[in-house]
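2 protein chains.
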Amino acid sequence: MVAAPESKTDVFAAIGHPARRRMLDLLIVSDQSVTAIAGHFEMSRPAVSQHLRVLLDAGLVTEQRFGRERRYHLEPANLTLVREWIRTYDQFWDHHLQKLQKHLAKGKKK
Amino acid sequence: MVAAPESKTDVFAAIGHPARRRMLDLLIVSDQSVTAIAGHFEMSRPAVSQHLRVLLDAGLVTEQRFGRERRYHLEPANLTLVREWIRTYDQFWDHHLQKLQKHLAKGKKK
DNA sequence: TTGACAGGTAAGCGACTGCTTACGCATAAT
DNA sequence: ATTATGCGTAAGCAGTCGCTTACCTGTCAA
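Chains B and A, in that order, give the protein sequences.
Under my numbering, think of the first position of the first sequence as 1, with each following residue one higher.
Under my numbering, think of the first position of the second sequence as 111, with each following residue one higher.
Here's what the structure looks like:
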């Protein structure tokens, strides 16, 4: 598998903070500079920087320098880990529904 | 806003801890008592209890009493929040792939 | 050059996490 | 009625998180 070497931080932990999720959401629309991102939040710009660092360490974003700006870019590939983990539960859910259905089909018993 | 009333804790934060994810994974197989779950971990049983509490507050598990036991049961419905959040990124990913494909198609002479 | 702007990093601090041990309270077994 | 078992809760504590302010470097503009 693709054991991403850039994942110094747990992806699950990275998306555990609502502010970081919102940052990712912002980056869906377009790449954005730090100050642009910070414009959407109440917290200070350094705080935003620190959150972006976490996302960077988790491999969820990349940064690219443009002059004195740094554009942050969404890198959703590493979300695959989460996707796959969730998928396990889809199967459980389906299985559960199947059992329920069988149970209902059978049952007039009480 | 739309949040289920049993969600006192952020589901994303709840699955942010690896131990809690492993607990959910265990519960896929079957409902289990606290001591049974604790058997799979190095930490103390109260620590496990506390993790289970977080999962309970997030609505990811339910508990059912059997005599002096408490069986914890997986409740994957609340994972839907995560699933849906992730799905947004699937679309972004698809879009990204489409662009990549076009790009590759152009350079296909070789 | 001087200044303004973009943004990372350090230091400090209160709040929260995650763990432990000690305890309490049911329920089951004897 | 004791004793043992299952498990939650309280208290305490070290470590981490999330935020702030202060500072620093690097780039653009005049």
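Beta carbons are placed, not taken as given, at the ideal position from N, Cα and C, and that holds for glycine.
Quick caveat, the model's predicted, so the values are computed rather than measured.
Nearest-angstrom beta carbon gap, residue j and residue i [assumed within contact, 8 Å]
i	j	result
B/Arg-71	B/Ser-33	6 Å
B/Met-23	B/Leu-52	7 Å
DSSP beta-bridge partners of residue i
i	result
A/His-183	A/Thr-172
B/Ser-33	B/Arg-71
Chain-order list of residues whose beta-carbon lies under 8 Å from that of residue i (same chain, five-residue window excluded)
i	result
B/His-73	Leu-27, Asp-31, Val-61, Thr-62, Glu-63, Gln-64
A/Val-121	Ala-168, Gly-169, Leu-170, Asn-188, Leu-189, Leu-191, Val-192
B/Arg-21	Ile-15
Residues of its chain near residue i, where Cβ-Cβ distance is below 6 Å and the 5 sequence neighbours each way are ignored
i	result
B/Pro-18	none
A/Lys-118	Asp-167
B/Ala-36	none
Cβ-Cβ distance between residue i and residue j below 7 Å
i	j	result
B/Ala-38	B/Val-54	no
B/Phe-92	A/Pro-186	yes
Proximal residues to residue i (C-beta, below 7 Å), its chain only, five neighbours per side dropped
i	result
B/Phe-113	For residue 113 of chain B there is no data in the structure shown, the boundaries of chain B being 1 and 110.
B/Asp-90	none
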